[in-house]
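S.K.: Numbering-wise (the UniProt record's numbering), the sequence shown opens with residue 1 and increments by one.
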Amino acid sequence: MTATTHRTCPLCEATCGLTVTIGPGPEGAGEAIGVRGDAEDPFSRGYICPKGVALGQLHADPDRLRTPLVRRGSSWTEVGWDEAFAEAGRLLAPLLRQHGADSVGVYLGNPVVHNLGLSLYSRTLIQALGTGYRFSASTVDQMPKQVASGLMFGTELSIAVPDLDRTDYLLVLGANPMVSNGSLLTAPDLPGRLRALRRRGGRLVVVDPRRTRTAEIADEYLAIRPGTDALLLAGIARTLVEEGLADPGPRVTPYLNGLAELGDALKPFTPEAVAVATRIPAGTIRRIAEELAAAPSAAVYGRIGTTTTAYGTAASWLVDVVNTLTGNLDRPGGVMWPEPAAGSPTTTGEPGRGRGVRVPGSRRTRVRGLPSVFGEFPAGALAEEIDTPSAADGTRLRGLVTVAGNPVLSTPNSARLGAALASLDAMVSVDAYLNETTRHAHVVLPAASPLARSHYDLVFASFSIRNTAHWSPPSVPLGPGELDESEVLLRLAAAALGGSVTAQQLDDLTASDTARRIAADPSSPAHGRDPGDLLAAVAHRTRQERLLDLMLRGGPYGDGFGAKPEGLSLDALAAAPHGLDLGPLRPRLPGVLRTPSGRVELAPPQLLAEAARLADHLAELGSAPADGLLLIGRRQLRSNNSWMHNVPLLAGGSNRCTLQLHPQDAERLGIDTGQQVQVRSRVGELHAEAEVTDAVMPGVVSLPHGWGHDDPATRLPLAAREPGVNSNLLTDEAPLDVLSGTAVLNGIPVEVVRAVAAAP
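1. What is the DSSP secondary structure of Leu637, reduced to helix, strand or coil?
2. Could you spell out where the beta strand (DSSP E) holding Tyr107 opens and where it closes?
3. Please say whether Val319 and Val300 have beta carbons closer to each other than 8 Å?
4. If you measure from the CB of Pro42, is any heavy atom of the ligand FAD nearer than 7 Å?
5. State yes or no: is the C-beta of Gly560 within less than 8 Å of the C-beta of Ala526?
6. Under the three-state reduction of DSSP, which class applies to Asp665: helix, strand or coil?
7. Output the residue ranges of the beta strand (DSSP E) runs that lie fully inside the UniProt domain "4Fe-4S Mo/W bis-MGD-type" (2 to 63) and measure 3 residues or longer, sorted by chain position.
8. Pairing CB atoms from the stretch 248 to 257 with CB atoms from the stretch 223 to 240, are three or more of them under 8 Å?
9. Is the Cβ of Gln127 closer than 8 Å to any Cβ of chain B?
10. Could you compute how far the alpha carbon of Thr77 sits from the alpha carbon of Thr15?
11. Taking just the CA atoms, how far does Ala496 sit from Leu659?
12. For Pro268, I'd like the list of residues in its chain whose CB is within less than 7 Å of its CB, leaving aside the five on either flank, ordered along the chain.
13. Secondary structure at Phe460, three-state DSSP: helix, strand or coil?
14. If you measure between the beta carbons of Ala294 and Gly334, is that distance less than 8 Å?
15. Rounded to whole angstroms, what is the Cα-Cα separation between Ala759 and Gln676?
16. What number of angstroms, rounded off, separates the C-alpha of Ala695 from the C-alpha of His662?
17. With C-beta atoms as the reference, is Ser702 less than 8 Å away from Arg634?
18. If you measure between the beta carbons of Glu385 and Val367, is that distance less than 8 Å?
19. Would you kindly report the start and end of the unbroken alpha helix (DSSP H) that includes Trp81?
20. Grab the span of the beta strand (DSSP E) containing Gln678 for me, first residue to last.
21. For the putative contact between Glu376 and Asn406, defined by C-beta atoms under 8 Å, what is the C-beta separation to the nearest angstrom?
22. Using only alpha-carbon positions, find the residue among Pro360, Pro698 and Thr402 that is nearest to Val430.
23. Helix, strand or coil for His440? Go by DSSP, reduced to three states.
24. Mapping DSSP to helix, strand and coil, what is Trp471?
25. Answer yes or no: do Leu55 and Leu116 have a C-beta to C-beta separation smaller than 8 Å?
26. Pop quiz: Val205 and Leu171 are said to be a contact at Cβ under 8 Å. What is the actual Cβ separation, rounded to whole angstroms?
27. With three or more beta-carbon pairs closer than 8 Å as the criterion, would you say the stretch 77 to 88 touches the stretch 42 to 57?
28. Evaluate contact between the stretch 303 to 320 and the stretch 744 to 756, counting only Cβ atoms and requiring at least three cross-stretch pairs below 8 Å.
29. Is it right to say Met1 is buried, meaning 16 or more other beta carbons lie within 10 angstroms of its own, or is it exposed?
30. Could you pull out every residue in the same chain whose Cβ sits closer than 6 Å to the Cβ of Arg45, ignoring the five residues on either side in sequence?
31. Please work out which residues of its chain come closer than 7 Å, Cβ to Cβ, to Val488, disregarding the five sequence neighbours upstream and downstream, and give them in chain order.
32. Can you tell me the Cα-Cα spacing of Glu21 and Thr5, whole angstroms?
33. Is the CB-CB distance between Gln142 and Leu108 below 8 Å?
34. Using a Cβ-Cβ cut-off of 7 Å (strictly less than) and excluding sequence neighbours within five positions of Asn181, which residues of its own chain qualify?
35. Look up Gly583 in the DSSP assignment and give the residues it is bridged to.
36. What number of angstroms, rounded off, separates the C-alpha of Ala572 from the C-alpha of Pro473?
If you want it as structure tokens, here you go:
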């Protein structure tokens, strides 16, 4: 017999609804025999991409780990869970006792935010370890946007997103949503929504060094030199001010600080000066500014091509400066703030005022003295913190816990990081695969199938273009001997503490803290209630479902634990298997603000300093050698970082790891399509197949990221058949965006030559 379940896809940020057909499986466990889009999902309306279709194959992948592994010498031994946790404790607890909490670090990978249990309990693990050495994928991705939004609006999740379904003009920089399905922009069927924008008479303009699939459907494509998006945005903003086009609007203007200071900071960025650096004509810069100001509504959206540069935070700030100056902040069709059902920093606390953010943070890394940002250190500093003892006392990172991450492929100078991981005294990984990172671990704790866990998109509700809520119960039971990741993290935390506390006690402490925060929150419908009563109301639930129910019932749409019977609870979501539509985004100023002033800070001192730094280097950024090449990445529809290259539906097709280069550069270098080329940077080199195409602008070459599955010590046999190349062999850990600590992954100086054939 078969059964049908409904759930949200956990494989990218689009949060599409899925209909999963389950058939009988071995030993009573169910198997997914069909995955299609859920036509009744109010948000995605049946849309699905190839990744969602492949969810069943990911569930059934024979190479997905199902039993804990312990490394003994150079070989792996399958062990039971009790033995695995005992070994993890034997390795970690002595380091914490003898060398202090900061001798053990934690790296959280991108899949953490796609997993309810990991999202809720990774903090519990970090607190149990007591370490300040936290790293994550954020500093090879979106951290500049979080920093800029925090300084302007008050919290790291105060990110205003384009109101895509109502806008008349969309300017996209460094993003390819036709392929990525959106990022910091949660919207199922982004291809359909972009086409709908044009059908209703709207205008789509794309700025990118490469003519992407999004650029191909745009009304206009502008090729820009990598790393200069901040300059373009500054030129647009200056034009708005100097030509008298800046008009934030009568509703928003009373809540703005720093308009005069902003105008002064923008003066060096004339369209003529900016044009030299960006390669975009001054007249075009002025026209784009005028079009944004004249459009009935408009939104500027920048993503990873703007954030993973030396001026990522400046670019992220200037995106919202332009949105504000054109009158499109907090208005339908402009950029707006979602209101997540389970709450977020923008919905809790005193509406309209808060502590703001502290940037940079107070902690510093041992080697380079890099500051923390929102409690974590730059991922680009992880290798040096392991392999370089401090001069003063010889301290270093001796242990590491990785959760759902593959930094050996996804962070800079990966060859150095791989060697550093091999030198650790203790490494424990929570992951579904033995991959390029976890192969260095001493203990690997397997992650369950996405179909065997409940799901709710906590993080992506904060970036959604519509307010929705969708909870998915497990579609299949856990396989024999498998554990939910929430239990894995809790038991690992207990093991690292040497058995002084149990996993259940840690879980209860986490739930108690959640209940106390809700009861103390003046914005919550449960404000002032006894936390014990809140816990009693959800006592029939366990682990992440208990926490989620607390958050929903105490959130902005919640039932207040009985105070508002029509409000949300986990029971209400369980009764709506296709999800609930909570309505379009609505204006939230001034209540959304959490700055100490209670106003939008257009000119925070940290960002004015970035503007000055950008102005100082304006001439330098525009004067690269005529024959210099800059490397950028690129997105692919059937790939999400390094996650799913072992899944048959996603692993096939032609070579996706070609080095794209422009015909002018190819002719100058004597390179033809199909030839092997050698690509060198300051830190490394690799070989790749050349693809000559005018899709990239002259002076630019492009490789995708997330590949390089050629390590024989991994267990990814399907991925190894078409391993591709690891572009992060070329990226340099030294340059970082100053304020956010984010690695520079775009605009990397490289040299490309024809590869010399090996001697017979």
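Using N, Cα and C, we set each Cβ at its ideal position, and we do this for glycine too.
M.R.: Taking the geometry as given:
1. coil
2. Val104 to Leu108
3. yes
4. With respect to the ligand FAD, the structure shown offers nothing to examine, as it has no ligands at all.
5. yes
6. helix
7. 3 to 8, 17 to 24 and 30 to 37
8. no
9. The displayed structure is made up of one protein chain only, and chain B is not part of it.
10. 37 Å
11. 44 Å
12. Ala615 and Leu618
13. helix
14. no
15. Summary for Ala759: the model assigns pLDDT 44, below 50, so the residue's position carries little reliability; its value from the coordinates is reported in the next sentence. About 15 Å.
16. 7 Å
17. yes
18. yes
19. Trp81 to His99
20. Gln676 to Arg680
21. That belief does not hold up - the Cβ atoms of Glu376 and Asn406 are roughly 17 Å apart, past 8 Å.
22. Thr402
23. helix
24. strand
25. no
26. 5 Å
27. no
28. yes
29. exposed
30. none
31. Val430 and Leu445
32. What sits at residue 21 in the sequence shown is Thr, not Glu. Answer to the nearest angstrom: the Cα atoms are 7 Å apart.
33. no
34. Cys12, Glu13, Ala14, Cys49 and Leu190
35. Asn467
36. 13 Å
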